[in-house]
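Trainee:
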Amino acid sequence: MTLTELQQKLREKIRVAARDTFGVELQQVNAETPPRAELGDLAFPVSFELAKLIKQATGEKQNPRSIAEKLKTQLEHVEEVSRVEIAGAGYINVFYDRAKLLGIFAGTVTQDKEQLDRPKKMVEHTSINPNKAAHIGHVRNSVLGDTFVRVLKAAGDRVEVQNYIDNTGVQVADVVVGFLHLEKKNLDEIKAVDATLTKDYPFDYYCWDLYTKVGLFYRDGSPGGDVNPEKVKLRNEVLHALEEGGNTIAELADYVATRNVECILDTMERLGIRYDLLARESDILHLHFWERAFELMKKTGVIRYEPEGRHAGCWVMPFESHTGTEEHESDKIIVRSNGTVTYTGKDIAYQLWKLGKLGLDFHYRVFRNYDDGHVLWATQTETVASGTERPHFGGGVTVYNVIDSRQSYPQEIVARGVAAVVPEIGEDASVHFSYEMVALSPAACEELGIELSDEDRARPYIEMSGRKGLGVKADDLINQLEAGALTEVEKRNPELSDNDKKATAHEVAVAALRYFLLKFTRNTVIAFDFKEALSFEGETGPYCQYAAVRTNSIFRKLADETVAASDTLISQIAGDSALRERVSEVLSGEGGTEIWSLVMLSQQLDEVIVQCRNSAEPANLAKYTFSLARAFSRFYHDHRILTEQDEVRRGVLIAVTKIIRTQLTTALGILGINVPEQM
RNA sequence: GCACCCGUAGCUCAGUUGGAUAGAGUACCUGACUACGAAUCAGGGGGUCGCAUGUUCGAAUCAUGCCGGGUGCACCA
1064 MTLTELQQKL REKIRVAARD TFGVELQQVN AETPPRAELG DLAFPVSFEL AKLIKQATGE
1124 KQNPRSIAEK LKTQLEHVEE VSRVEIAGAG YINVFYDRAK LLGIFAGTVT QDKEQLDRPK
1184 KMVEHTSINP NKAAHIGHVR NSVLGDTFVR VLKAAGDRVE VQNYIDNTGV QVADVVVGFL
1244 HLEKKNLDEI KAVDATLTKD YPFDYYCWDL YTKVGLFYRD GSPGGDVNPE KVKLRNEVLH
1304 ALEEGGNTIA ELADYVATRN VECILDTMER LGIRYDLLAR ESDILHLHFW ERAFELMKKT
1364 GVIRYEPEGR HAGCWVMPFE SHTGTEEHES DKIIVRSNGT VTYTGKDIAY QLWKLGKLGL
1424 DFHYRVFRNY DDGHVLWATQ TETVASGTER PHFGGGVTVY NVIDSRQSYP QEIVARGVAA
1484 VVPEIGEDAS VHFSYEMVAL SPAACEELGI ELSDEDRARP YIEMSGRKGL GVKADDLINQ
1544 LEAGALTEVE KRNPELSDND KKATAHEVAV AALRYFLLKF TRNTVIAFDF KEALSFEGET
1604 GPYCQYAAVR TNSIFRKLAD ETVAASDTLI SQIAGDSALR ERVSEVLSGE GGTEIWSLVM
1664 LSQQLDEVIV QCRNSAEPAN LAKYTFSLAR AFSRFYHDHR ILTEQDEVRR GVLIAVTKII
1724 RTQLTTALGI LGINVPEQM
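When you line the first sequence up against my numbering, it's residues 1064 to 1742, in that order.
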């Protein structure tokens, strides 16, 4: 039995008791964890609500305390419950049988959830324009998305992870303009340059710098200046060539985009982030997904042609919006008067495909094989030989799009548009997994050597901008973190080989970065701060990791037979009342309650995972993991496990450590953080 | 102008579907290492939860109105 199941059982008892004793039907019974362990393990504030309901039903006035007294007796008979107290104005506080539950928890083996029969969920994240290196803002997207994927899998869901590649958009076109018109290079010359680039300055860094030069080029060299229309024409020519396909410019662009994708995938791989499919914009275009979506939208009457008015010649989607009390209609243009489709239109087509409602499919090829056998696929336009084995892509029941909050308006329109075309799936099938941006504090800008205007200096934070080259590149930050971690590892573990030191420093760096990006809730703007991001102390990934590493080192130093003796002892709790009594003593009193609280906290992991899935808020799990690590650090400091002489007490301490090791390692794994041998 | 988000300790942030005395980290001050690893632990000071009214047994949390900050509202792509 898990803690969640026990709580469920008690809730049900309360519900039945309320019905039988007072004739009141409760919709749901809320339970909460008391603020202090001395108050109990589980609290029901149900009496207040009941007092109200009873009065409504019978007119009889009962005070919450006396109601609580009557319900109390129903819970006392439950075998896992040792006693029940009424506290405050009418809280029903339940105290568990600690010894009995310790035996149960210690014996519970966490098993992998069965994923096969669940409907598939789709998560799209990363989706960086493939024209430059990833910066820290992009990494927030990827880490949030990847962690959410891990949460869903931990909760037993089937998940498909997609990374959308906009290889025909303006941003790629801009870099292509840079290569063609600033550097005057053809494809072979670009390849030649690429071949000379090193790991310290890879292709995506090269493009990063080129992209900012193009931004200046459009403005004739002055950052705040107006764009020169003659030069923008060059971009439009490239864009046109990309849409057409089958020409030298498109070929050049494909090389540039693909190389950037490879670089970005390498960056993400450093952080343990992977995908199942790269969905490419060019294939959506060439396989005519939009045309199909257009037919569907016309057929279902989702869009209408405007013969006159300010949108004359356009196909629009009527879009109702509520502004205060009045309601008015505004139209969203899907097809322009010149016949071209807007981004919203393309997004609706792609979203329909993700939900399996478009009636068209891509062709596929293998993009990358990972060491451990994982295969990354990419879409393609060209047909493949029949009989090629591959997974089935698309057709999810729920689609999560990890996109920053600035896109919330367009995302809402896409969700509505899709729901209008396919009413049976509804708007809830499309979820905008929204998050706020990572911005730079004015101080961080100065550290980067960026000059700020007085106006910018007065702002709370400054938005990162790929176009301006303003941002902290992901690889730079990871490098800095690894260097910092390596110094610490060398200090503490001089006996390790260089490879082991580097590998450990890498794990620490990943922990630091991932936790830093996960500790903030999604709708908090992160004002990036170097000192905080590079820290390994306090509420950080390495802190949590360190606690888990110590659980391991305890077991490394414990003799096998000592651990075996503990296991045997704990397994006998259920059937040996004298032993149960001794274990209860260890778990009682101030010190014992401290230990017990740690055990209770550790058993809430399942609940936190479910809550995290439902709220789509990975920060919940990050905060929980930290509090578990903190509680264990205190336990570790307060109790000597290796030298404990009392057999029962030692058994309990070992069992608790074992439970924490499992739970903490699992929680960290879902956050994408590994636990090294030492650190 | 309209929509969405934010306002909680000096700073950066948590705060379950409304619940018991509002919590962490950091900074500052003090103490604990010939170690089951100090990337740690313990203690201290620090709060009109932006303001006001309302809803109720109970509000940081819900409602309304203000104040302050951010973002988004194109036939751009």
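C-beta atoms are modelled at their ideal positions from N, C-alpha and C, and glycine is treated no differently.
Bear in mind the structure is a predicted one, so any value in this text is a computation, not a measurement.
At which residue ranges does the stretch 1672 to 1731 contain complete alpha helix (DSSP H) runs of 4 or more residues, listed in the order of the chain?
Mentor: Within the stretch 1672 to 1731, the complete alpha helix (DSSP H) runs of at least 4 residues are 1681 to 1701.
Trainee: Express the C-alpha separation of residue 1474 and residue 1386 in angstroms, rounding to a whole number.
Mentor: For residue 1386, the predicted structure reports a pLDDT of 37, less than 50, and the residue's modelled location is therefore unreliable. A value from the coordinates is still provided. Straight-line Cα distance between these residues: approximately 19 Å.
Trainee: Using the rule of at least 16 other Cβ atoms within 10 Å of the residue's Cβ for burial, across every protein chain shown, is residue 1209 buried or exposed?
Mentor: Per the 10 Å Cβ criterion, buried.
Trainee: Assuming the contact rule is C-beta atoms closer than 8 Å, residue 1195 and residue 1310 should be a hit. Round their C-beta distance to whole Å, please.
Mentor: About 23 Å separates the two Cβ atoms, so there is no contact after all.
Trainee: Figure out for me which residue from 1470, 1065, 1627 and 1136 has the closest Cα to the Cα of residue 1084.
Mentor: Looking at the Cα atoms, 1136 is the closest of the given residues.
Trainee: Anyone know if the C-beta pair for residue 1676 and residue 1214 falls short of 8 Å?
Mentor: In contact: residue 1676 and residue 1214 (Cβ atoms closer than 8 Å).
Trainee: Please report the Cβ distance between residue 1569 and residue 1602, rounded to the nearest whole angstrom; I am assuming they are in contact, meaning their Cβ atoms lie under 8 Å.
Mentor: That pair is no contact at about 21 Å.
Trainee: Taking residue 1663 as part of the alpha helix (DSSP H), name the residues at either end of that continuous run.
Mentor: Residue 1663 -> alpha helix (DSSP H) spans 1652 to 1665.
Trainee: Anyone know if the C-beta pair for residue 1470 and residue 1342 falls short of 8 Å?
Mentor: Cβ atoms of residue 1470 and residue 1342: not closer than 8 Å.
Trainee: For residue 1641, which residues in the same chain have their Cβ closer than 8 Å to its Cβ, ignoring the five residues on either side in sequence?
Mentor: Correct list: empty, nothing qualifies.
Trainee: Using CA coordinates, which residue listed in 1366, 1293, 1351 and 1399 is at the minimum distance from residue 1373?
Mentor: The option with the nearest alpha carbon to residue 1373 is 1399.
Trainee: Report the residue from 1381, 1494 and 1355 whose alpha carbon sits nearest the alpha carbon of residue 1367.
Mentor: Closest by alpha carbon: 1381.
Trainee: By Cβ distance, which residues of its chain are closer than 6 Å to residue 1610, with the 5 residues on each side in sequence left out?
Mentor: 1692, 1695 and 1696.
Trainee: Fully enclosed by the stretch 1299 to 1350, which beta strand (DSSP E) runs are 3 residues long or longer?
Mentor: As far as the stretch 1299 to 1350 is concerned, its whole beta strand (DSSP E) runs of at least 3 residues are 1340 to 1343.
Trainee: To the nearest angstrom, report how far apart residue 1365 and residue 1182 are at their CA atoms.
Mentor: If I take the Cα positions, the gap works out to 28 Å.
Trainee: Taking 8 Å as the threshold, find out whether the stretch 1350 to 1363 comes into contact with the stretch 1301 to 1308 through three or more Cβ pairs.
Mentor: No, they do not touch.
Trainee: Would you tell me roughly how many angstroms separate the C-alpha atoms of residue 1575 and residue 1604, rounded to the nearest one?
Mentor: One C-alpha to the other measures close to 5 Å.
Trainee: Is it true that the CB of residue 1485 sits closer than 8 Å to the CB of residue 1420?
Mentor: Yes, they are a contact pair.
Trainee: Residue ranges of each beta strand (DSSP E) run of no fewer than 3 residues wholly in the stretch 1464 to 1534, ordered along the chain?
Mentor: Entirely contained in the stretch 1464 to 1534, the beta strand (DSSP E) runs reaching 3 residues are, in chain order, 1493 to 1498 and 1501 to 1503.
Trainee: Looking at the secondary structure, which residues open and close the alpha helix (DSSP H) in which residue 1360 lies?
Mentor: Note, residue 1360: alpha helix (DSSP H), 1352 to 1362.
Trainee: Could you check what DSSP says for residue 1368 in three-state terms: helix, strand or coil?
Mentor: Reduced to three states, the DSSP call for residue 1368 is strand.
Trainee: Give the range of the alpha helix (DSSP H) segment to which residue 1615 is assigned.
Mentor: Counting along the chain, the alpha helix (DSSP H) containing residue 1615 begins and ends at 1604 to 1620.
Trainee: DSSP three-state label for residue 1095, please.
Mentor: Reduced to three states, the DSSP call for residue 1095 is strand.
Trainee: Under the rule that 16 or more other beta-carbon atoms within 10 Å means buried, what is residue 1700, buried or exposed?
Mentor: Exposed: under 16 other Cβ atoms inside 10 Å.
Trainee: Among the candidates 1706, 1314, 1645 and 1662, whose CA atom is the shortest distance from the CA of residue 1620?
Mentor: Checking every option, the nearest Cα to that of residue 1620 belongs to 1706.
Trainee: Note down the Cα distance separating residue 1616 from residue 1657, rounded to an integer number of angstroms.
Mentor: Rounded to whole angstroms, residue 1616 to residue 1657 spans 22 Å at the Cα level.
Trainee: For residue 1429, does the count of other Cβ atoms within 10 angstroms reach 16, so buried, or fall short, so exposed?
Mentor: Answer is exposed; the Cβ neighbour count stays below 16.
Trainee: In the DSSP assignment, the alpha helix (DSSP H) including residue 1541 goes from what residue to what residue?
Mentor: 1537 to 1555 is the extent of the alpha helix (DSSP H) around residue 1541.
Trainee: So what does DSSP say about residue 1292, is it helix, strand or coil?
Mentor: DSSP places residue 1292 in helix when its eight states are reduced to three.
Trainee: Compute the distance between the beta-carbons of residue 1352 and residue 1413, then report whether it is under 8 Å.
Mentor: Their beta carbons are under 8 Å apart, which means residue 1352 touches residue 1413 by this criterion.
Trainee: In terms of residue numbering, what span does the alpha helix (DSSP H) encompassing residue 1130 cover?
Mentor: Where residue 1130 is concerned, the enclosing alpha helix (DSSP H) stretches over 1127 to 1139.
Trainee: Three Cβ pairs or more, each shorter than 8 Å: is that satisfied between the stretch 1281 to 1288 and the stretch 1257 to 1272?
Mentor: Too few Cβ pairs lie closer than 8 Å, so no.
Trainee: So, do the stretch 1492 to 1512 and the stretch 1197 to 1204 have three or more beta carbon pairs nearer to each other than 8 Å?
Mentor: Yes, the stretch 1492 to 1512 is in contact with the stretch 1197 to 1204.
Trainee: Could you name the residues of the same chain whose beta carbon sits closer than 7 Å to that of residue 1132, not counting the 5 residues immediately before and after it, in chain order?
Mentor: Closer than 7 Å at Cβ, skipping near neighbours: 1149.
Trainee: Leaving out five residues before and five after residue 1313 in sequence, what residues of the same chain have Cβ atoms less than 6 Å from its Cβ?
Mentor: Excluding sequence neighbours, residue 1313 sits near 1304 and 1305.
Trainee: According to DSSP, is residue 1119 helix, strand or coil?
Mentor: Correct three-state label for residue 1119: helix.
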